[in-house]
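Counting the sequence shown from 1 gives a position; my numbering is that position plus 177.
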Amino acid sequence: MFTPVESSFGAFLLHLSTTHLLLGNGRVLGASGVLGSAFWKPDGHNIPLLVGMGISALGAWYFDTWWKPSNAGAPEIFGGWTWVICGLLVGVGTKYSNGCTSGHMLCGIPLGRLRSVVAAITFSATCLVAATVVGAYTESPCGSTPCYTPTYPTPARVKQLIAITATAMAITRTSLPLLRKLPQRTAEIIASLWSGALFSLGLMIAGMTNPTKPLGFYSMITDGGKRWDPSFLMIPIFALLPNFLIWRRLVGRADAAPRGGWKTPTKKGIDFKLIAGSAVFGIGWGLLGVCPGPGIVGGFLGGWRGASWVFGFVLGRY
């Protein structure tokens with residue numbers, strides 16, 4: 178079902194997370210690159226990010242929060258092998274396209290990178306096709322009710338969301354000046370830990386760690402549009418747009434640069450690998466509803482399914 182409030186708050190946390198990492202150590206938060214490189218080339222950037230995401234995910238499980246992820250309703254069209262196969266497709270696709278939804282859409286587009294615009298259009302198109310095919314062989318997760326029907330949180334949950342967001346904003350805002358006073362390596366590790374924890378929390382609160390959410394958005398033509406869940410739209414509105422407005426003013430400025438300088442992507446040009454990789458990634462995403470960010474969270478909390486997806490992804494990145 179459409180969750181406009183929770184998804185909006187979660188999306189804003191994604192904005193805070195990606196902005197904190199960029200201003201804290203000059204890097205973009207690309208989940209596919211983080212997960213792939215953590216296995217083959219672990220370093221002081223990707224490992225703290227994964228640890229931060231894991232702390233947030235395990236905390237949601239330990240405290241039995243309402244935002245802990247669920248694989249209920251995930252379309253296993255290839256049986257249990259679906260998780261390995263889709264992880265493999267996403268791994269191969271992101272390897273050749275050099276990014277996923279976070280790296281290209283959340284971070285690349287706000288930086289004005291044409292490569293990311295082309296990648297996002299490509300993987301969105303193939304994801305739409307794959308999700309439509311899957312929808313023809315699966316039942317609606319919303320039953321007889323149209324998935325675009327909005328559901329709203331209780332007043333108590335709204336207060337909780339406001340408290341979480343206000344706390345995250347305060348920590349993010351106050352920590353950035355403090356990081357400049359620390360040794361560079363220490364500052365980068367802290368920035369990665371906090372950004373990872375906040376990124377994982379944002380994904381879970383937005384509902385994006387539940388495969389039916391992104392699939393619902395790309396099922397806009399399935400069952401006459403009754404399966405369409407607009408929740409994913411909150412991501413570009415409350416994460417991508419704020420990133421665009423803020424980053425365009427700050428990135429590249431010497432007075433805003435972190436101690437290690439800007440380390441944003443520099444690769445230019447549109448080539449076959451970008452298009453083909455993005456297309457393959459979109460297919461893997463659309464068949465199951467799991468992209469790298471939620472895949473990392475699922476690796477901590479998704480049992481054998483989450484572990485299988487991560488295994489397939491890492492194999493695809495090899």
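Glycine included, each C-beta is placed from N, C-alpha and C at the ideal position. In this text, all values refer to a predicted model and were calculated from it rather than measured experimentally.
If we call anything under 9 Å between Cβ atoms a contact, is residue i one with residue j?
| i | j | result |
| --- | --- | --- |
| tryptophan 424 | threonine 196 | yes |
| threonine 322 | methionine 230 | no |
| phenylalanine 189 | phenylalanine 376 | no |
| glycine 187 | leucine 392 | no |
| valine 228 | glycine 437 | no |
| alanine 456 | phenylalanine 255 | no |
| proline 225 | glutamate 365 | yes |
| valine 311 | leucine 464 | yes |
| arginine 292 | threonine 441 | no |
| valine 182 | valine 306 | no |
| serine 184 | isoleucine 412 | yes |
| tyrosine 495 | tryptophan 217 | yes |
| phenylalanine 497 | glycine 264 | Residue 497 lies beyond the stretch modelled for the chain, which goes from 178 to 495, so this question has no answer here. |
| glycine 472 | glycine 270 | no |
| proline 388 | glycine 466 | yes |
Run the CB neighbour count on residue i, radius 10 Å, all protein chains shown included, and call it buried at 16 or more, exposed below.
| i | result |
| --- | --- |
| leucine 198 | buried |
| valine 206 | Contrary to the premise, residue 206 reads as leucine rather than valine in this sequence. Flag for leucine 206 reads buried. |
| serine 396 | buried |
| phenylalanine 449 | exposed |
| phenylalanine 240 | exposed |
| proline 469 | buried |
| proline 360 | exposed |
| serine 194 | buried |
| serine 369 | buried |
| aspartate 432 | exposed |
| histidine 354 | According to the sequence shown, residue 354 is proline rather than histidine. That one is exposed. |
| methionine 346 | exposed |
| threonine 180 | buried |
| glycine 480 | exposed |
| threonine 386 | buried |
Just the Cα atoms here: how many angstroms apart are residue i and residue j?
| i | j | result |
| --- | --- | --- |
| alanine 340 | alanine 333 | 11 Å |
| glycine 475 | arginine 482 | 8 Å |
| alanine 498 | leucine 356 | Nothing about residue 498 can be read from this structure; the chain reaches only from 178 to 495. |
| aspartate 220 | tyrosine 273 | 21 Å |
| lysine 358 | asparagine 275 | 33 Å |
| alanine 237 | glycine 268 | 26 Å |
| threonine 349 | proline 287 | 19 Å |
| arginine 130 | cysteine 284 | Limits of the chain in this structure are 178 at one end and 495 at the other, which puts residue 130 out of reach. |
| tryptophan 243 | alanine 251 | 19 Å |
| serine 383 | arginine 290 | Correcting the residue identity first, residue 383 is alanine in this sequence and not serine. Answer to the nearest angstrom: the Cα atoms are 26 Å apart. |
| leucine 451 | cysteine 304 | 16 Å |
| glycine 446 | phenylalanine 421 | 21 Å |
| alanine 234 | isoleucine 367 | 18 Å |
| threonine 328 | leucine 410 | 15 Å |
| threonine 363 | glycine 201 | 11 Å |
| cysteine 324 | lysine 390 | 10 Å |
| alanine 297 | glycine 493 | 20 Å |
| isoleucine 398 | threonine 351 | 45 Å |
| tyrosine 314 | alanine 308 | 10 Å |
| glycine 320 | glycine 402 | 13 Å |
| proline 419 | arginine 426 | 11 Å |
| leucine 417 | glutamate 253 | 30 Å |
| leucine 380 | threonine 443 | 27 Å |
| leucine 338 | isoleucine 232 | 19 Å |
| tryptophan 371 | tryptophan 439 | 19 Å |
| tryptophan 128 | alanine 215 | The structure shown does not extend to residue 128, since the chain spans only 178 to 495, so no value can be given for it. |
| alanine 343 | proline 330 | 18 Å |
| proline 318 | asparagine 223 | 34 Å |
| isoleucine 262 | tryptophan 405 | 25 Å |
| glycine 459 | valine 428 | 29 Å |
| phenylalanine 488 | threonine 326 | 36 Å |
| aspartate 400 | histidine 192 | 33 Å |
| proline 249 | phenylalanine 394 | For clarity, residue 249 is alanine in the given sequence; the question names proline instead. Cα-Cα distance, rounded: 17 Å. |
| alanine 302 | leucine 266 | 16 Å |
| alanine 484 | tryptophan 260 | 9 Å |
Original post:
Would you call the segment 199-213 and the segment 271-283 in contact, with 3 or more CB pairs under 8 Å?
Top reply: yes
**OP:** Jot down the residue ranges of each uninterrupted beta strand (DSSP E) in the segment 338-371, minimum 3 residues, whole runs only, in chain order.
**Re:** none
Original post:
Quick one: complete alpha helix (DSSP H) runs, 4+ long, within the segment 393-434?
Top reply: 418-427
**OP:** Taking only runs that begin and end inside the segment 210-274, name each unbroken beta strand (DSSP E) of 3 or more residues, in chain order.
**Re:** 254-257
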